[in-house]
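Worksheet: the structure to be examined is printed underneath.
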């Protein structure tokens, strides 16, 4: 694991939240080869959650990664490492092989602040199985300072390699990111840090650059920004802008040209006004996503009135 | 003219470069009222260039602003002031009335670095006619340091109110902007500053925020980003994000909902791969714009090869 900049492309994992992981094997293989040629260090190829625990009725290979299947998809690993994300309570530890028997290199654990203890138990287990590990504390913009301090006391003692700053709601700006990075670094002087952004306010790339300039060296992104709601920082922007001899833009352009334009026609993500509004209000995009699925999808003023009305704040279940 | 933040909405002026100023009077009136309700301080309602000097064969009211026509469009001025842009060699001084006879409040002069002397002559004249003035030095990212220093020596002596940092090619990032702002402020301690950005690398909003945090208080933007090629910083992002009691997002959402979605279907601007490439290469978007007008519009790899080939650099006329 390098101390320098590492890009983790999350197109399959976070983009799968847009299209229920409706990615062909051909696309995933094309993407792996392109990312490898582009010099991208990691590809997050999906979730390694348990279909049993999620009571899934249909197969969903990128949501429920299986080592045997992955070996068929990527029979020959190249420089780009593979990563998977797991959620607390959704991963079955018995599904996870020791790293030397797996094509996965890194397992990242996503958790909310109240579950950091459970998250760190999983981290410990994956660490012992030989994986690189990361802890992604979600919805950071809504975490009270004292809870973060308590969580960091536990994180300090953990073998976790990378601690992520996750702007789940796309509500942070570069000043906020700088503040958060300095806080994380001050409280966890011996850890590496990562940044995962959403593009609700067109700040995902700028926030990622700000984090990098402040010493964060694991940078999440997706090709053409494909990720839930407003999407993520764009992989093509990172590989063209960051000064690193191994990065090449052209292979990523090839993927956008061959696949992403059609996918963007079929599925929606990116800078879309209701997502901008949820970002600016520091709210989960799920209300906006439901609105975009309704026939009122372009009634922006009505949407704004709805989410800023006093009634909106008494219905936490929809937030 | 306030010392605090001022937004100058350029939707008509820069957006006109997208659609040859094919804006209805109704749209311009709706926009003026919305910007006024949103608390936006200025609306740049077009160019005040001369149809004679440009040998224009057809009327184009927002490109060749006429005071009598403007008074019919905006019979009652409200808080939002009106601005016009002029180009060196394209404006006829005889067309410009004294400010008290005009609905315009500010005239901005766009020039390249080699024309700063001519630009300042125009500024002097508009200043004497009573207008607020700005000098917009274009293509800053390609200006050699010594030429900038020479230009500033002239600017210092001028009555110009606002000196603009213009990222014409959308090639600057927040670090670059911070560097430029500090340089401008250091060399012109008695001037106010403005920022005009393009969104080729999704950095227009972040660059504008960076400029603001470094003391720039004239911020150009366009509703839904409508401006040439990749477009500009989005007005809706500024009014929702900047802490100023008078700013209101809702009127801008109304304009987007009523007009901009349809306009975006009809005309193209925004984050589009060839514009991202021209931004990252620090080049004028005109080659990319021509490509987008051709049947090869989505051949991104071919476009990239073309503009990065050794031959590309021997054809300055197409750059």
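Protein chains in written order, with our numbering: chain A, 1 to 319; chain B, 1001 to 1319.
Think of the CB as a built atom: it goes at the ideal place given N, C-alpha and C, for glycine as much as any other residue.
Endpoints, beta strand (DSSP E) assigned at residue i
| i | result |
| --- | --- |
| residue 1044 (chain B) | 1042 to 1047 |
| residue 1122 (chain B) | That residue, residue 1122 (chain B), is in no beta strand (DSSP E); its alpha helix (DSSP H) goes 1116 to 1128. |
| residue 92 (chain A) | Unbroken run through residue 92 (chain A): none, as it is neither H nor E. |
| residue 1166 (chain B) | 1162 to 1166 |
| residue 1109 (chain B) | 1106 to 1111 |
| residue 193 (chain A) | 192 to 196 |
Delimiting residues of the alpha helix (DSSP H) encompassing residue i
| i | result |
| --- | --- |
| residue 19 (chain A) | 11 to 19 |
| residue 1080 (chain B) | Looking at the DSSP string, residue 1080 (chain B) is not in any alpha helix (DSSP H), and its letter there is neither H nor E. |
| residue 1303 (chain B) | 1300 to 1308 |
| residue 1031 (chain B) | 1025 to 1038 |
| residue 71 (chain A) | 67 to 73 |
| residue 1291 (chain B) | 1286 to 1292 |
C-beta contact flag for residue i and residue j at 9 Å
| i | j | result |
| --- | --- | --- |
| residue 1016 (chain B) | residue 1046 (chain B) | yes |
| residue 74 (chain A) | residue 122 (chain A) | no |
| residue 1022 (chain B) | residue 1223 (chain B) | no |
| residue 389 (chain A) | residue 173 (chain A) | This structure does not reach residue 389 (chain A), given that chain A is present from 1 up to 319, and the question cannot be answered. |
| residue 1071 (chain B) | residue 1106 (chain B) | no |
| residue 225 (chain A) | residue 204 (chain A) | yes |
| residue 1307 (chain B) | residue 1268 (chain B) | no |
| residue 7 (chain A) | residue 238 (chain A) | yes |
| residue 960 (chain B) | residue 1103 (chain B) | This structure cannot speak to residue 960 (chain B), because chain B is shown only from 1001 to 1319. |
| residue 99 (chain A) | residue 147 (chain A) | no |
| residue 84 (chain A) | residue 251 (chain A) | no |
| residue 1175 (chain B) | residue 1141 (chain B) | no |
| residue 1257 (chain B) | residue 299 (chain A) | yes |
| residue 1350 (chain B) | residue 1109 (chain B) | This structure gives no information on residue 1350 (chain B), because the portion of chain B shown stretches from 1001 to 1319. |
| residue 200 (chain A) | residue 112 (chain A) | no |
| residue 1289 (chain B) | residue 240 (chain A) | no |
| residue 1018 (chain B) | residue 1048 (chain B) | no |
| residue 227 (chain A) | residue 14 (chain A) | yes |
| residue 181 (chain A) | residue 1254 (chain B) | no |
Same chain, Cβ closer than 8 Å to residue i, five either side skipped, listed in chain order
| i | result |
| --- | --- |
| residue 317 (chain A) | Here the model assigns residue 317 (chain A) a pLDDT of 41, short of 50, so the residue's position is not dependable, and the following value carries that caveat. Around residue 317 (chain A): no qualifying Cβ. |
| residue 315 (chain A) | Caution applies to residue 315 (chain A), whose pLDDT of 43 falls short of 50 and renders its modelled position unreliable; the value that the coordinates give is listed next. Hits under 8 Å: none found. |
| residue 1155 (chain B) | 1116, 1120, 1135, 1163, 1188 and 1191 |
| residue 1185 (chain B) | 1193, 1214 and 1215 |
| residue 1309 (chain B) | none |
| residue 118 (chain A) | 88, 89 and 111 |
| residue 29 (chain A) | 73 and 74 |
Chain-ordered neighbours of residue i on chain B, where CB pairs are closer than 8 Å
| i | result |
| --- | --- |
| residue 301 (chain A) | 1250, 1253, 1254 and 1257 |
| residue 205 (chain A) | 1201, 1202, 1203 and 1206 |
| residue 276 (chain A) | 1236, 1237 and 1240 |
| residue 213 (chain A) | 1175 |
Residues that residue i contacts on chain A, provided the C-beta gap is smaller than 7 Å
| i | result |
| --- | --- |
| residue 1222 (chain B) | Going along chain A, no residue has its Cβ under 7 Å from residue 1222 (chain B), so there is no contact; the nearest lies around 13 Å. |
| residue 1273 (chain B) | 253 and 256 |
| residue 1298 (chain B) | 257 and 261 |
| residue 1280 (chain B) | 240 and 241 |
Residues near residue i by beta carbon distance below 7 Å, same chain, minus five either side
| i | result |
| --- | --- |
| residue 1291 (chain B) | 1274, 1297 and 1303 |
| residue 1152 (chain B) | 1187 and 1188 |
| residue 1027 (chain B) | 1259 |
| residue 178 (chain A) | 210 and 214 |
| residue 5 (chain A) | 212, 217, 219, 242 and 244 |
Contacts of residue i in chain B (Cβ-Cβ under 7 Å)
| i | result |
| --- | --- |
| residue 321 (chain A) | Any answer about residue 321 (chain A) is impossible in this case: the structure gives chain A only from 1 up to 319. |
Cut-off 6 Å between Cβ atoms - residues of its own chain near residue i, not counting five sequence neighbours on either side
| i | result |
| --- | --- |
| residue 286 (chain A) | none |
| residue 213 (chain A) | none |
| residue 1280 (chain B) | none |
| residue 1220 (chain B) | 1008, 1010 and 1196 |
| residue 1126 (chain B) | 1107 and 1133 |
Contact list for residue i against chain A, beta-carbon separation under 8 Å
| i | result |
| --- | --- |
| residue 1304 (chain B) | 249, 250 and 253 |
Within chain A, partners of residue i - CB distance below 9 Å
| i | result |
| --- | --- |
| residue 1209 (chain B) | 173, 174, 175, 203 and 206 |
* **Runs of beta strand (DSSP E) wholly within the stretch 1214 to 1275 of chain B (minimum 3 residues, chain order)** => 1218 to 1221
* **Minimum length 3: unbroken beta strand (DSSP E) runs contained in the stretch 138 to 182 of chain A** => 162 to 166
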